[in-house]
Amino acid sequence: MNLQHFNPLRWRKSFLGLILGGFLFIWFAFIDTYSIWTRIQLNHQMNDLQEKKQELQEETHILREKIDKLKTDPNLLERIAREEYGMKREGETVYKIKEVD
315 MNLQHFNPLR WRKSFLGLIL GGFLFIWFAF IDTYSIWTRI QLNHQMNDLQ EKKQELQEET
375 HILREKIDKL KTDPNLLERI AREEYGMKRE GETVYKIKEV D
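In the working numbering, the protein residues as written are 315 to 415.
What follows is the structure in structure tokens.
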């Protein structure tokens, strides 16, 4: 049995470089704390969070516009008070109609 094949000191430098390069690639691609795989996952997560942030900013803008309308338009405020909260003016009678399926 020839033991030279199992002795790393007898291997060619190119083969040792290939093994070392393969090990380093696997280490940096998958094992390391800041591996390429982790960076890709974090990048996807960051993109999702940025999209969610944009949606929430748009929703905030719409809600601020509604608040401004409520502050400046007394007719809108009265309509919401009547429709959603069942409020009425003094002397009025409110009739609620139930929809039948």
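Heads up, the beta-carbon is just placed ideally off N, CA and C, and yes, glycines get one too. Please read all numbers here as calculations on a predicted model, not as lab measurements.
{"Check": "Separation of residue 370 from residue 395, as counted between CA atoms", "Outcome": "27 Å"}
{"Check": "Rounded Cβ spacing between residue 391 and residue 384 (contact assumed at less than 8 Å)", "Outcome": "6 Å"}
{"Check": "Under the three-state DSSP convention, the category residue 376 falls into", "Outcome": "helix"}
{"Check": "Contacting residues, own chain, Cβ-Cβ under 8 Å from residue 402 (five flanking each side not counted)", "Outcome": "396 and 408"}
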